[in-house]
Each structure stands twice: as C-alpha cells, then as structure tokens.
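Here's the structure, in structure tokens; my notes come after.
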Amino acid sequence: MRTPEVEVVELDAVPALGGLYARGVAGSARAAAARRRTVRPDDLPATELLVRGVRAEVEHLSTYQHLLGETGQDALPAGFVHVLAFPVATALMVRPGFPLPLLGMVHVANQVEQRRAVRLDEEMDLRVRAQDLHAHRSGVTVDLVAEAWVEEELVWTGTSTYLAKGHHLAPHSASTDPTPLPSPDNLVSEPQGALGTRGSDTRSEEGAGRAPTGQWRLGGEVGRRYAAVSGDQNPIHTSALAAKAFGFPRAIAHGMYTAARALADVGPARGEAFVWHVQFAKPVVLPSTVAVRVARADGEAEGFSFEAWSPRSGRTHLTGGVSPSS
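Under my numbering, the first residue of the sequence shown is numbered 118, with each subsequent residue one higher.
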C-alpha cells in the first residue's frame with residue numbers, strides 16, 4: 118500500500134489549550150451525534166504540525182522544577198518538554214478529520230527518548246504527528262508522537278498512547294491484534310479524561326517487591342498547581358465537584374505529574390540521554406499519600422525501574438522505568 122504524502126502544517130505559535138478544549142468539546146459532540154464508532158488504520162490524517170522557535174521561559178521552568186522536585190538548572194527536564202509540546206498534540210487531535218473524539222480519551226502509556234538535554238537558551242522546533250491505530254480490548258488506541266529539534270538535531274521524542282473507549286478498529290486490517298496495554302483505569306486529562314468512566318478496581322499482588330523507597334504526600338492543591346504550570350486545566354484535576362460528576366470522590370492528580378515525579382526521584386543517575394517509559398493504572402485521588410519504589414533494573418539490564426501505589430489499598434498508580442538511550 119502506498120504511503121500517503123505527509124502534509125506539514127506550520128503554526129505561528131504554540132496554541133492556547135483553552136481554545137483547543139472548546140473545539141474538542143464541539144468536535145466530540147458532533148462525533149457522538151454521528152455515532153461513528155468504527156475507524157480504519159488509514160483514517161489517521163497524514164498531517165504533521167510544526168511550531169518553530171519555541172523557547173522555555175525562566176519563570177515557567179523554575180516553577181515546574183520546584184513543583185516536580187527537579188534540580189534547579191538550565192537543562193529542561195524531559196517532562197517539561199512534554200508540557201511545551203502537549204498543546205501542539207492537542208491541536209492535532211481537534212483538527213477536522215481526526216478520527217477519534219478528544220473528550221473521553223484515556224492516557225494509558227507514555228514514552229520519552231531524550232537524546233540530550235535541551236538548554237534554556239536553545240530554541241526548539243516542535244513537530245507532532247499521529248500514528249498507529251490499534252485495537253484494544255476496550256476500544257482503539259492511537260499514538261501521538263512529538264519531536265523536539267534544535268537546529269537540525271533531534272533531541273527529544275515523546276510518544277503518548279491514548280485509548281478511545283467504545284470505538285472499534287475495522288476488521289481484516291493489519292492492526293487488529295489487541296494492544297497489550299494496562300487496564301484503562303487512569304482517567305487523567307492528557308488532555309481529556311473528563312468524560313471517561315471509572316476504571317476497574319485493580320490491586321497489586323501483596324508483598325511482591327513492594328517495599329517503598331520513598332513517599333509522596335500530595336495535598337488537595339496539587340492538581341491546580343500542575344494545571345497552572347502545564348496549562349492542562351481539565352476540571353477533574355482542579356475541582357472536587359467536577360471530579361464527582363465523573364465518578365471520582367475528589368479531584369485526581371494528572372498522570373504526567375506522577376510520571377514526572379517518579380522521573381525526578383530517579384535523579385541525576387538517569388544521565389542526560391535516556392528512555393523514560395510509564396504505564397498508568399489507578400488514578401491518584403487528592404489529597405493522598407503515595408508509596409514509591411525506585412530500584413536498579415533487574416538482571417543485566419541497565420537503568421532503573423519505578424512504581425507508585427497506594428499504601429492503604431495496594432492499588433498501583435503507575436509502573437515504569439528509565440534506561441540509557443542507545
């Protein structure tokens with residue numbers, strides 16, 4: 118099958134998330150009215166969004182570093198680059214022709230390859246595309262791939278995997294094997310968990326390597342603070358009342374906040390060039406105490422593994438790891 122030519126659409130600036138969410142609500146409403154639930158692998162538009170000359174601001178970086186527990190320095194944390202690229206990915210998902218509705222999607226996994234750290238004084242070109250529609254037992258997954266380039270050097274690649282629950286991939290396609298992803302019970306809003314449903318009550322096996330190496334004490338304001346630094350103002354993270362409307366007892370933490378906290382806990386031992394991956398499970402209800410374990414990778418593997426869970430219930434919030442970039 119012939120690969121379609123990619124259309125590169127250049128934006129003047131990184132778009133504001135508020136306007137994108139409004140477009141996402143409207144587009145999701147139209148999709149619901151049309152009741153189109155089956156998609157094909159070739160339904161993804163061959164479009165790449167490009168924003169040139171993106172540079173971090175000192176105050177924005179400092180606020181992020183303080184909130185996430187990162188060292189104050191001129192190197193941008195890998196999770197901070199995700200924050201900068203996230204609105205561009207959202208802009209792609211609200212464009213006409215994107216086959217899945219923005220609202221109700223669930224962020225189930227994330228992977229970042231950092232080839233080297235981006236410095237505060239460097240300008241980045243951000244490129245975002247969508248790829249790899251796959252069948253999942255609860256719907257259809259899609260990968261949003263963001264790249265950060267400094268001049269002609271690819272320095273950072275982030276792949277965010279989202280699940281559109283209740284949708285189906287057309288049969289007899291090459292991508293219909295169920296994707297081996299964790300249960301879709303982390304309704305974080307990267308960008309659109311608000312219209313999801315509560316996940317299953319997954320619990321980890323007790324006793325199996327669960328001795329914590331640290332603990333997070335997360336106050337009720339954490340969702341609002343990360344929303345302020347990331348721009349992701351989804352109300353399930355900032356308002357207990359809104360969270361209750363979607364089946365949660367209180368507001369929940371952003372998934373990428375917890376992932377970035379785990380990365381910060383690994384610390385400088387991760388090096389400057391690494392692959393950071395995370396799979397999300399049960400959301401963190403705020404306020405909350407979270408047990409965290411960071412350990413050297415097992416066997417001959419290099420790097421670190423991490424996991425976070427509720428010390429009261431044993432329910433896993435996330436698992437992941439960091440390994441050297443090849």
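We put the CB at the ideal spot given by N, CA and C, even for glycine.
Cβ neighbours of T278 within its own chain (closer than 6 angstroms, five residues either side excluded): V225, A226, T258 and D260. Per DSSP, the unbroken beta strand (DSSP E) holding A281 starts and ends at E270 to K282.
Counted as a single uninterrupted DSSP element, the alpha helix (DSSP H) harbouring R342 occupies residues V339 to S347.
When secondary structure is reduced to three states using DSSP, P441 falls in the strand class.
Every unbroken stretch of the beta strand (DSSP E) spanning 3 or more residues and falling wholly within the segment 207-232 is given here in chain order: 222-231. Non-local beta-carbon contacts of H183 in its own chain, meaning distances under 8 angstroms to residues more than five positions away in sequence, involve G189 in chain order. A distance below 8 angstroms separates the beta carbons of P400 and A370. Taking a C-beta distance under 8 angstroms as the contact criterion, V171 and L128 do not qualify as a contact pair.
When the beta-carbon positions are compared, L250 and L166 stay at least 8 angstroms from each other. Under a 10 Å Cβ-count criterion, E174 is classified as exposed, with fewer than 16 other Cβ atoms of the shown protein chains found around its own Cβ. Going by beta carbons, W273 and V229 fall inside the 8 angstroms limit. Within the same chain, A163 come within 8 angstroms of E122 by CB-CB distance, once the 5 residues on both sides are set aside. In the three-state scheme derived from DSSP, where H, G and I count as helix and E and B as strand, S405 is classed as strand.
Residue state for G186 is assigned as coil, using DSSP reduced to three classes.
Between P132 and A208, the CB-CB gap stays under 8 angstroms.
Scanning its chain for C-beta atoms nearer than 6 angstroms, with the 5 sequence neighbours on each side dropped, one finds around P216 the residues V156 and D160, in chain order.
DSSP places L380 inside the alpha helix (DSSP H), whose first and last residues are G372 to V383.
With three or more CB-CB distances shorter than 8 angstroms, the segment 404-418 counts as touching the segment 331-339. Around the beta carbon of L358, fewer than 16 other beta carbons sit within 10 angstroms, so the residue counts as exposed. Its Cα nearest to that of G431, the residue V409 stands out among L286, G437, V409 and E419. According to the DSSP assignment, T258 belongs to the beta strand (DSSP E) that extends over G256 to V267. Annotated three-state conformation of T355 is helix, per DSSP. P366 and E419 have their alpha carbons spaced roughly 40 angstroms apart. Per the DSSP secondary-structure output, A252 pairs in a beta bridge with V257. In the structure shown, T436 adopts extended strand secondary structure according to DSSP, grouped into three states. Nearest C-alpha to V245 among S427, A202, G437 and G364: A202. Nearest to A287 by C-alpha distance, out of V346, W393, R154 and M222, is R154. Bounds of any beta strand (DSSP E) do not take in G431, whose DSSP letter is neither H nor E. In this structure, the beta-carbon distance from A195 to Q231 falls below 8 angstroms. For V392, the enclosing beta strand (DSSP E) begins and ends at F391 to F397. Excluding its 5 nearest sequence neighbours in each direction, T355 has C-beta neighbours in its own chain below 8 angstroms: G340, R341, A344 and A368, listed in chain order.
Counting only residues of its own chain and dropping the five nearest sequence neighbours on each side, Y374 has a CB closer than 6 angstroms to the CB of Y343.
Within a 10 Å sphere around the beta-carbon of P385 sit fewer than 16 other beta-carbons, which makes this residue exposed.
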